[in-house]
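Q: Heads up: the sequence shown runs through residues 2 to 231, numbered per the working numbering.
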Amino acid sequence: MAEYLGINRSSTHRLLVTLERHGYVAQDPNTDKYQLGMRVFEAGAVVLNQMSFRAAARPHIEYLARETGEVVHLAVENGNQCVYIDKVEGIQHIPMGSQLGWRRPLYCTGIGKALLANLPDQRIEQYLRDTKLLPLTPQTITDTNALRAELMRIRATGIAYDSEEIELGLSCVAAVVRGTNGQLVGAISVAGPTTRVNEEEVKRIKQLVLGAAELVSSGLVTACTQPKHL
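1. With DSSP collapsed to three states, give me the class of P106.
2. Identify, in the order they occur along the chain, each residue of the same chain with its Cβ nearer than 8 angstroms to the Cβ of L116, setting aside the five sequence neighbours on each side.
3. Quick one: residues in its chain with C-beta nearer than 6 angstroms to the C-beta of G193, no 5 flanking neighbours on either side, listed in chain order?
4. I'd like to know whether the C-beta atoms of G7 and Y25 end up nearer to each other than 8 angstroms.
5. Determine the closest residue to N119 out of G102, L135, M153, D87, with distance taken between C-alpha atoms.
6. Ordered along the chain, which non-local residues of its own chain (more than five positions away) have a Cβ less than 6 angstroms from that of A161?
7. In three-state terms, what does DSSP make of I206?
8. Would you call V217 buried or exposed, if buried means 16 or more other Cβ atoms sit within 10 Å of its Cβ?
9. So, with DSSP's three-state summary, where would you put P194?
10. Just the Cα atoms here: how many angstroms apart are H23 and G170?
11. Give the range of the beta strand (DSSP E) segment to which L171 is assigned.
12. Roughly how many angstroms lie between the CA atoms of A46 and I125, to the nearest whole one?
13. Just grab the DSSP bridge partners of V72 for me.
14. Return helix, strand or coil for N79, following the three-state DSSP convention.
15. Ordered along the chain, which non-local residues of its own chain (more than five positions away) have a Cβ less than 6 angstroms from that of N199?
16. What separation, rounded to the nearest whole angstrom, lies between the Cα atoms of P136 and T143?
This is the structure in structure tokens:
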């Protein structure tokens, strides 16, 4: 390994010790050789799940973009942040800086709040303790109790809103996608200018987003439970 990496043996050993401590490699006690650890498998499983989620969701977010004319995002929660893994632009879209791999806070975006609201209670409370709710706009929720109440409303209704909380003039509607056993997989949102994503239009968008999220969830469950043929 040292020869392959072009570094000395002592540095290679320190790297291996660090990787072993975090579970990315494991040393065979009989041969002293190293092999990949379970954390590599876990990380790969996460990536595969995200790829399956994106593939299953793609036709539905394309439909949402056509029906609403707005930008549709697909995101997952990672490291207490909202990570965008897909995006489809509608014909009415406004220029938006979002792109694949984009990370944004959970507390001030519609899609982020949808994800946050559906995390386990313990994770939510830890997030609220550890996160400073910075006011990105005058509409950003910066009070912990107010945010907690908003998350409970999202859980009850299944829909999350962002009314200019991360950017003035921009609003969005979001819903979560679940997999087998009801576990949280990710979320879908429709975003556009507040002048178009207004109170009346939100009623229509809400039903479309909820319907798309349900169809993606059903597709993921079906894909995981149908028999595999050799």
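Positions of the beta carbon are idealized from the N, C-alpha and C atoms, including for glycine. It should be emphasised that the depicted structure is a prediction, and the values quoted were computed from it without experimental measurement.
A: Concretely, from the data shown:
1. For the purposes of this step, residue 106 is taken as the residue at position 105 of the sequence shown. It is a strand residue.
2. Working through the sequence shown from its first residue, we reach residue 116 at position 115. Closer than 8 angstroms at the Cβ level, and outside the excluded window around L116, lie A76, V77, E78, C83, L107, V177, L185, G187, A188.
3. As a first step, residue 193 must be located in the sequence shown, where it is residue number 192. Taken in chain order, the residues that qualify are E71.
4. Sequence index remark: in the sequence shown, residue 7 carries index 6 (1-based). Sequence index remark: in the sequence shown, residue 25 carries index 24 (1-based). The Cβ atoms of G7 and Y25 lie no closer than 8 angstroms to each other.
5. Along the sequence shown, one-based indexing puts residue 119 at 118. Selected option, being the one with the closest Cα: M153.
6. By 1-based counting over the sequence shown, the position of residue 161 is 160. Within the same chain, A161 has close Cβ partners G111, K114, A115, I155, A175.
7. Residue numbering aside, residue 206 sits at position 205 when the sequence shown is read from its first letter. In this structure, I206 counts as helix in the three-state DSSP scheme.
8. Here the question's residue 217 lines up with position 216 in the sequence shown. Label assigned to V217: buried.
9. Walking along the sequence shown from the start, residue 194 turns up at place 193. If DSSP states are grouped into helix, strand and coil, P194 belongs with the strands.
10. The sequence position of residue 23 within the sequence shown is 22, counting from 1. The sequence position of residue 170 within the sequence shown is 169, counting from 1. Cα to Cα, H23 sits roughly 44 angstroms from G170.
11. Position 170 of the sequence shown, counted from the start, is the residue given in the question as residue 171. Per DSSP, L171 belongs to the beta strand (DSSP E) from 171 to 179.
12. Within the sequence shown, residue 46 is the residue found at index 45, counting from 1. Within the sequence shown, residue 125 is the residue found at index 124, counting from 1. Here A46 scores only 45 on pLDDT, less than 50, and its place in the model is too uncertain to base an answer on.
13. Sequence index remark: in the sequence shown, residue 72 carries index 71 (1-based). DSSP lists A192 as partners of V72.
14. To locate residue 79, count along the sequence shown from 1; it is residue 78. Reduced to three states, the DSSP call for N79 is strand.
15. On the sequence shown, residue 199 is found 198 positions in, with the first residue counted as 1. Leaving aside the five residues that flank N199 on each side, none in its chain has a CB nearer than 6 angstroms to its CB.
16. Position 135 of the sequence shown holds residue 136. Position 142 of the sequence shown holds residue 143. Their backbone Cα atoms lie some 6 angstroms apart in a straight line.
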